[in-house]
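Visitor: Just passing along the structure, written as structure tokens.
Residue numbers (our numbering): -19 to 278.
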């Protein structure tokens, strides 16, 4: 890779909004951007792992086809009576991860992380110690299920004696891991969050995902500002305005198309920035009642 800086693609989490990352990838790869390594968390870990297996336009096209065929039941199947009884028993989760695990086994082109064509680091959280765990080898299925295991929704995954859950609990913005890999240039692919929804989530899972996505954006802003002196960090602007629930897989085609087009526009024209990050990223308001990024007094 002589002649250019070591580049890592960094994928944050975001539920069904992970489709946005695929639209971004489609444009970036078509425009000649290359990764030397990938780092991902939660749904971003799944996208990162698939891309690491085939980091080509053809590979991105296959990933897009998978996303276009996804339904909510493929990722978040409706819990049966046993899952609902978890509220009143010692069960720690509502939804079994078997369906998602079967999807991963069916679609991923390799079985162990070290078999990927690009180095791939998957982030999870040790649920007992609260620390970030970086997984770079071993069975890819288990690593991805751990990274996406939202506490209380999916079961924790045991790897090497640790109880692992969603990487977002400790760190949903894997910039630090990318810097630790020696990356000199980071291209960050956030999913953003549903910033113009007119109604509150109607389910516990929807509420959990909305809250995690808002938290992710805030942590990502902090991480970019902290590490920008250690590496060049390019943040692809997320979609904004956005009214799609992170639990809604019915509008995947729209998300893919918008993200691809907005990434093209960003590369051609740039974007307005707020203290080093695209203006679409920090939590903000669309009410038009003053500074969109400031606090509100009720």
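No residue lacks a Cβ here, since even glycine has one placed at the ideal position from N, Cα and C.
1. Determine the direct distance from the alpha carbon of residue 245 to that of residue 279, and round the result to whole angstroms.
2. Using a 10 Å radius around the Cβ and a threshold of 16 neighbouring Cβ atoms, would you call residue 276 buried or exposed?
3. Could you check whether residue 202 and residue 1 sit closer than 9 Å to each other, using their CB atoms as the reference points?
4. If you compare alpha carbons, which of 43, -10, 227 and 113 is closest to residue 174?
5. Output the residue ranges of the alpha helix (DSSP H) runs that lie fully inside the segment 142 to 225 and measure 4 residues or longer, sorted by chain position.
6. What is the rounded straight-line gap between the Cα of residue 68 and the Cα of residue 43?
7. Go through its chain and collect everything with a Cβ distance to residue 4's Cβ below 8 Å, but skip five positions before and after it.
8. Per DSSP, residue -12 is paired with what?
9. What is the rounded straight-line gap between the Cα of residue 47 and the Cα of residue 102?
10. Going by alpha carbons, who is nearest to residue 195 out of 134, 274 and 148?
11. Helix or strand or just coil, what does DSSP make of residue 134?
12. Less than 9 Å separating the beta-carbons of residue 146 and residue 265?
13. With DSSP as the reference, please indicate the residues paired to residue 92 in a beta bridge.
Guide: In this structure, then:
1. An answer regarding residue 279 cannot be provided, because it is not within the stretch -19 to 278 covered by the chain.
2. Per the 10 Å Cβ criterion, exposed.
3. Result no, Cβ atoms of residue 1 and residue 202 do not sit closer than 9 Å.
4. Residue 174 has its Cα closest to that of 227, out of 43, -10, 227 and 113.
5. Here the runs fully enclosed are 155 to 160 and 184 to 207.
6. Interpretation of residue 68 is limited by its pLDDT of 47, a score under 50 that renders its predicted location unreliable; no figure is taken from the coordinates.
7. If we look at residue 4 and ignore the five residues flanking it on each side, its Cβ neighbours are 169, 216, 239, 240 and 243.
8. Beta-bridge partners assigned by DSSP to residue -12: 17 and 166.
9. C-alpha separation (whole angstroms): 20 Å.
10. For residue 195, the nearest C-alpha among the options comes from 148.
11. Three-state DSSP puts residue 134 in a strand.
12. Against a cut-off of 9 Å, the Cβ pair of residue 265 and residue 146 comes out as no contact.
13. Residue 92 pairs with 119.
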